[in-house]
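Reviewing the structure listed below.
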Amino acid sequence: MNTWNIFGHDWAVEMLQQHVAHNTLRHAYLLTGPSGVGRRTLAIRLAQALNCQTPKAPGVPCQACRTCKQFEAGQNIDLMVIQAEAEGGTLKVEQVREVTKFLSLRPYSSPYKIVIFLRFQEANPNAQNALLKTLEEAPSHALLLLTADNAEQLLPTIISRCEILRLRPLSVDAVTDFLAARGVEPGKARLLGHLSGGRPGFALRLSADEKALAFRTEKLDDLRALLAARRRERFTYAEKLSKDKDIFRQTLFIWLSYWRDVLMKASGAALEPTNIDRADEIGNLSYDIDRPQARAITEGVEKALDRLDKNVNARLLAEVMLMDWPMVK
Amino acid sequence: MTQALYRKWRPLLWDEVVSQEHIIQTLKNAVASNRVAHAYLFSGPRGTGKTTAARLLAKAVNCLNPDVTHRPCNECAHCKAVNENRFMDLIEIDAASNNGVDDVRELKEKINFSPSQGTYKVYIIDEVHMLSAGAFNALLKTLEEPPPHAIFILATTETHKIPATVLSRCQRHEFRRVPLGEITRRLNEICKSEGLEADTDALNTISRQSSGGMRDAISLLDQLSSTGGKITLELAQTVLGTATSQSVIALVQAVIDQQPGSGLDEIHRALDGGADARALARQIVDYLRNLMLVQMGNGDQVEVPADTRAQMIKHANALTSSEVLRMMRAFNAAATDPRGGWSPSLGLELAFAEVLELPAQAEVVSAPRAASRTSAAPAPQAESTRIQPPISQTPTKITESQPKVATVTLEQVTKAWKHISSLVKAKDTNVAALLNSGKPIEIREGILLLAFASDILQEKFNRPESLDLTRKALHESLGVDLPVQAVIIGSKNALPSHVKPDGMVAAANQLGGEIVDIH
Chain A
0 MNTWNIFGHD
10 WAVEMLQQHV
20 AHNTLRHAYL
30 LTGPSGVGRR
40 TLAIRLAQAL
50 NCQTPKAPGV
60 PCQACRTCKQ
70 FEAGQNIDLM
80 VIQAEAEGGT
90 LKVEQVREVT
100 KFLSLRPYSS
110 PYKIVIFLRF
120 QEANPNAQNA
130 LLKTLEEAPS
140 HALLLLTADN
150 AEQLLPTIIS
160 RCEILRLRPL
170 SVDAVTDFLA
180 ARGVEPGKAR
190 LLGHLSGGRP
200 GFALRLSADE
210 KALAFRTEKL
220 DDLRALLAAR
230 RRERFTYAEK
240 LSKDKDIFRQ
250 TLFIWLSYWR
260 DVLMKASGAA
270 LEPTNIDRAD
280 EIGNLSYDID
290 RPQARAITEG
300 VEKALDRLDK
310 NVNARLLAEV
320 MLMDWPMVK
Chain B
0 MTQALYRKWR
10 PLLWDEVVSQ
20 EHIIQTLKNA
30 VASNRVAHAY
40 LFSGPRGTGK
50 TTAARLLAKA
60 VNCLNPDVTH
70 RPCNECAHCK
80 AVNENRFMDL
90 IEIDAASNNG
100 VDDVRELKEK
110 INFSPSQGTY
120 KVYIIDEVHM
130 LSAGAFNALL
140 KTLEEPPPHA
150 IFILATTETH
160 KIPATVLSRC
170 QRHEFRRVPL
180 GEITRRLNEI
190 CKSEGLEADT
200 DALNTISRQS
210 SGGMRDAISL
220 LDQLSSTGGK
230 ITLELAQTVL
240 GTATSQSVIA
250 LVQAVIDQQP
260 GSGLDEIHRA
270 LDGGADARAL
280 ARQIVDYLRN
290 LMLVQMGNGD
300 QVEVPADTRA
310 QMIKHANALT
320 SSEVLRMMRA
330 FNAAATDPRG
340 GWSPSLGLEL
350 AFAEVLELPA
360 QAEVVSAPRA
370 ASRTSAAPAP
380 QAESTRIQPP
390 ISQTPTKITE
400 SQPKVATVTL
410 EQVTKAWKHI
420 SSLVKAKDTN
430 VAALLNSGKP
440 IEIREGILLL
450 AFASDILQEK
460 FNRPESLDLT
470 RKALHESLGV
480 DLPVQAVIIG
490 SKNALPSHVK
500 PDGMVAAANQ
510 LGGEIVDIH
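Just so you know, the protein sequences line up as chains A and B, in that order.
Each step along the first sequence adds one to the number in numbering that gives the first Met the number 0, with nothing skipped, and position 321 is 320.
Each step along the second sequence adds one to the number in numbering that gives the first Met the number 0, with nothing skipped, and position 189 is 188.
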């Protein structure tokens, strides 16, 4: 745990703290990394560090005063949080126009007016373009914080106007310790640490949700059963799976991590599998499925995930994907 | 808040604009000879100086300096006003936020008033590609014949989105990417004036990373300088997420040695060490590009230390240029693909696995039926020309027998067919019965194809024993070693021999589909 009470990303915290303490802040930051890695938390802490009335040290927010609590809850009058209406939705140009209007006024109580854009990769091209001029030469009292999965999803003109902080996934051990410190029992902490792929936020969400783990077990059992199943059963399953797009997406994520493990195992890499509790099963499977096959399947699942968001026929998608899987008894 | 370096260092004089001489000279001459056009279009990649040039032009036409060749002077009242962003007659419009017809109409209403301070009213319309079609059309008449005191400067990164009618009304200037050396030189200048200490290697890394965009480069310098200390190569690598060149070399070596395990471990080691997956993929592409240059005999253009060069030449000799190209494509996709939110490293891992497969596949196509069905399964395209070998042990025998194949024709086989079936009957009556319901139809690539009416018969016949028996009989009768394969013909559900029995086509067929044509 570092001075900003954030788990991991010490280098980023250190740097931002210096910026705040020495008043060398830039007007726009882009925080990238996989979801659940701590992008939003970092953005909020930066806002707190700038506005805290009783800082513990220069650039270290107290997280206890009124202002800090307001920022934590996203309630401060000089803070604006912009995001698509739902995960997987679209951030629209009207929302960006509101930001321009918001920034044209001076701050009310804080030294800065802060805008946080969450999941900016969901902004459509028009919205991104509308932000360009503001992003390039923002008023001196403005601070823009953008978060996205990775920089390549945004317009190159957006990226070149921001200071980019690439937050990387933490190590599995770090996340395990993090969970253990929060009272998760060690065995479960270790499993969740692996499953999270180094994303503490994601691991925490998973540990709080009892159903999530059961769902995962069910879907992995399904996967194994599907490999031995005949075509007719696969078609039936595809139909069932494609009914709910959200569940479909989550299932694909679980399967993707599983197939990646098989690929790693089949290639002979020393990496510990993500699905650590299924290590034996994955080991066995890697004898039946060789590397090129494992790669083709992994890529197939990844492409399916991508296409799912492009509004294709979900059932057809599931069928095509499952038909390409080999038969393994 | 301090101003970002790229804003602070925006050029204020013509001569400060880096490596766009072809444009700057034209504009300078136009101002000096008082032949400034009424509409300009500046286009080019990000960070090459479009907005800067537009502001300089606006300043120059309004400058009060008596010597026209010295405009802008940065000393007169107007120049100062422009620099401080308070000049009334410089109107900068963000076309991305004001992209409707109404915004253009508002502009038209105001344009007829004479300038309040300077000689010209200058409209800079930035990101002009975002104007709606209606807005563009509303602008056409004004753009063609604006009042004498108005100058339009349109700036965009995407010229292809501008209608031809607008293009033809403007003087077009294409901005170029800034060369690597020029960026490094400019960064050095900035470092000196800002009192920053920086290694040349670090600055080179920054310039390479910014791919010709000056703003990208200065932003990165800004980011590195904010840590306070000296800018070293290590610091640059940490912040940019680039890996050491050793990791890249080890990865390429793993591809050459066909070592999937060690290659993937290398990737994970680099990522654990703080490298960014995409940055690493870009570095690999860079390295491969250098390999290609070495292969094509342009090795002198590659600027690397001597020991790396020796390694590079070794690699360049170990790979063919088509392999290098394929690898570049795969890793480039990993570097630029916007997908991959779940696990940043996945794209890179898949690209690596793909690269390992490709050479193997190329061999499959050239060597006749050298691979068994399972290994070729994920690549149906490679299979379309081949017939499925019935069982896995036949392929080796086929290759042995190939030289003799040409001596037998289908006619000879048909003639000797009765004899052959009697030979078989002497050994196994069941197989002979099966043989009687089959019919030799073709000798394709050294294999005798026997046609059966149903898949049950075909399956029964396709057992090693019966195939072997028939083969022996053929050998006895005709004196050649000719492998046999059973195919189905005539029935409704029959599959052509080159269709994979577990593929999509077969599945569709099983569900009642009908084959019309196969390419």
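Where a beta carbon is used, it is the ideal one built from N, C-alpha and C, also for glycine.
| Check | Outcome |
| --- | --- |
| Using a Cβ cut-off of 9 Å (strictly closer), state whether Pro343 (chain B) contacts chain A. | yes |
| Could you check whether Asp88 (chain B) and Val121 (chain B) sit closer than 9 Å to each other, using their CB atoms as the reference points? | yes |
| Report the rounded CA-to-CA distance for Gln360 (chain B) versus Val486 (chain B), giving the unit in angstroms. | Residue placement at Gln360 (chain B) cannot be trusted, given a pLDDT of 45 that sits under 50; what the coordinates show is reported in the next sentence. Whole-angstrom Cα-Cα distance: 26 Å. |
| Could you give the C-beta distance for Phe119 (chain A) and Leu164 (chain A), rounded to a whole number, given that I count them as a contact under 8 Å? | Contact doesn't hold; Cβ gap of about 14 Å is too wide. |
| Please confirm if Met322 (chain A) has its CB atom under 9 Å from at least one CB of chain B. | yes |
| Can you check DSSP and say which residues form a bridge with Phe41 (chain B)? | B:Ala154 and B:His172 |
| Just to confirm, are Leu390 (chain A) and Cys161 (chain A) a CB contact at a threshold of 9 Å? | Because chain A in this structure spans residues 0 to 328, residue 390 (chain A) falls outside the shown range and cannot be described. |
| With burial defined as no fewer than 16 other Cβ atoms inside 10 Å of the residue's Cβ, what is the status of Leu473 (chain B): buried or exposed? | buried |
| Using a beta-carbon distance below 9 Å, is Ala349 (chain B) in contact with chain A? | Sequence check: residue 349 (chain B) is Leu here, not Ala. Answer yes: the Cβ-Cβ gap between Leu349 (chain B) and chain A drops below 9 Å somewhere. |
| Please state if the CB of Trp13 (chain B) and the CB of Ile217 (chain B) are separated by a distance shorter than 9 Å. | no |
| Taking 9 Å as the threshold (C-beta atoms), are Gln208 (chain B) and Lys274 (chain B) in contact? | At residue 274 (chain B) the sequence reads Ala, which differs from the Lys that was named. Not in contact: Ala274 (chain B) and Gln208 (chain B) (Cβ atoms no closer than 9 Å). |
| Consult DSSP for Thr428 (chain B) and reduce its assignment to one of helix, strand or coil. | helix |
| For the beta strand (DSSP E) containing Lys112 (chain A), name the first residue and the last one. | Lys112 to Phe116 |
| Near Asp308 (chain A), which residues of its chain fall below 7 Å by C-beta distance, leaving aside the five closest residues on each side in sequence? | Gly87 |
| I'd like to know if Met503 (chain B) contacts chain A, where contact means its C-beta is closer than 9 Å to some C-beta of that chain. | yes |
| Which stretch, first to last residue, makes up the beta strand (DSSP E) that contains Arg165 (chain A)? | Glu162 to Arg165 |
| With a threshold of 9 Å between beta carbons, is Ser108 (chain A) in contact with chain B? | no |
| Between Gln249 (chain A) and the rest of its own chain, which residues show a CB-CB distance below 6 Å, the 5 nearest in sequence each way excluded? | none |
| What do you reckon, are the CB atoms on Thr141 (chain B) and Pro155 (chain A) nearer than 9 Å? | no |
| Counting contacts by CB-CB distance shorter than 9 Å, is Asn508 (chain B) in contact with chain A? | no |
| By Cβ distance below 6 Å, which residues in the same chain neighbour Lys55 (chain A) in space, the five residues on each side in sequence not counted? | Cys61 |
| Rounded to a whole number of angstroms, what is the C-alpha to C-alpha distance between Phe135 (chain B) and Glu151 (chain A)? | 30 Å |
| Residue ranges of each alpha helix (DSSP H) run of no fewer than 4 residues wholly in the stretch 236-288 of chain A, ordered along the chain? | 244-266 and 278-287 |
| Go ahead and label Thr241 (chain B) buried or exposed: buried means 16 or more other beta carbons lie within 10 angstroms of its beta carbon, across all protein chains shown. | buried |
| Report yes or no: is there a C-beta of chain B within less than 9 Å of the C-beta of Asn283 (chain A)? | no |
| State buried or exposed for Leu134 (chain A), treating a residue as buried only when at least 16 other CB atoms are found within 10 Å of its CB. | buried |
| Classify Asp221 (chain B): buried if its beta carbon has 16 or more other beta carbons within 10 angstroms, exposed otherwise. | buried |
| Over the uninterrupted beta strand (DSSP E) stretch that includes Leu12 (chain B), give me the two end residues. | Looking at the DSSP string, Leu12 (chain B) is not in any beta strand (DSSP E), and its letter there is neither H nor E. |
| Can a CB atom of chain A be found closer than 9 Å to the CB of Gln252 (chain B)? | no |
| Please tell me whether Ser246 (chain B) and Ala269 (chain B) are closer than 9 Å, where the distance is taken between their beta carbons. | yes |
| Distance check for Lys112 (chain A) and His140 (chain A), CA to CA, integer angstroms please. | 6 Å |
| Name the residue from B:Arg288, B:Ser225 and B:Leu234 whose alpha carbon lies nearest to the alpha carbon of Val251 (chain B). | B:Arg288 |
| Are Ala57 (chain B) and Val103 (chain B) closer than 9 Å when you measure CB to CB? | no |
| On the premise that Ala265 (chain A) lies in contact with Ser285 (chain A), defined as a C-beta separation below 8 Å, what is that separation, rounded to the nearest angstrom? | 4 Å |
| To the nearest angstrom, how far is it from the Cα of Thr2 (chain A) to the Cα of Gln170 (chain B)? | 56 Å |
| Would the stretch 406-414 of chain B count as touching the stretch 440-459 of chain B if we require 3 or more Cβ pairs under 8 Å? | yes |
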